[in-house]
Amino acid sequence: MKGAVWNVKYITDIFGRSLKISDMSMNQTNREIRNIMRRIKTQYIHLLGLYQRRFVLMHQEGKINYQRKNAKQKIAKTLGMLNTDNNLDDQRHKHIILTALSFIENGNDDIDLIKAVLQQALEPLEEE
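Going by the numbering used here, the first residue of the sequence shown is number 26, and it counts up by one from there.
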């Protein structure tokens with residue numbers, strides 16, 4: 026048996042009526058956008074409160090090194106708006122550059138070695 030498929034061509038208003046998005050008027054469209062934005066702001070405030078509560082409970086259990094989550098970052102990651110691959114690539118490039126600089130600072134004059142280290146920054150990161 027195939028699972029239910031969500032039809033994104035329709036939206037439910039506050040009274041539970043299904044409206045076809047392509048048939049909505051300008052006023053209906055603007056009203057629904059405002060309602061959705063209001064709900065997003067409310068959910069964000071709730072998420073902040075829940076993260077704060079989790080933080081308090083973890084500290085009561087003795088887990089002192091627990092850090093409270095960044096709600097905006099979690100929302101962006103959930104919606105697919107936060108690209109974590111770039112962060113990993115930036116950290117990798119920073120590490121490669123720091124390694125090459127440490128070779129130079131330590132008096133290592135082997136240009137081929139430094140060139141090989143810096144060449145790694147141009148190579149794509151291989152997935153394991």
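All C-beta atoms in this analysis are idealised placements derived from N, C-alpha and C, irrespective of residue type, glycine included.
- Taking 7 Å as the cut-off, the Cβ atoms of residue 145 and residue 121 count as close.
- Taking the Cα positions, residue 117 is about 42 Å away from residue 34.
- When rounded, the separation of the alpha-carbon atoms in residue 68 and residue 55 is 20 Å.
- As DSSP reads the structure, residue 37 sits in a beta bridge with 43.
- For residue 46 against residue 36, the beta-carbon gap comes to about 6 Å, under 8 Å, which counts as contact.
- Each of 75, 129 and 135 was checked against the Cα of residue 93, and the nearest Cα belongs to 75.
- Here the alpha carbons of residue 49 and residue 40 stand approximately 15 Å from one another.
- Membership of residue 96 in the alpha helix (DSSP H) is indicated by the continuous run 96-103.
- Here residue 116 carries a helix assignment [DSSP, helix/strand/coil].
- If you compare the alpha carbons of 43, 44, 97 and 101 with that of residue 73, the shortest gap goes to 97.
- Rounded to the nearest angstrom, the Cβ distance from residue 125 to residue 143 is 5 Å, consistent with a contact under 8 Å.
- In the DSSP assignment, residue 75 falls within the unbroken alpha helix (DSSP H) covering 51-85.
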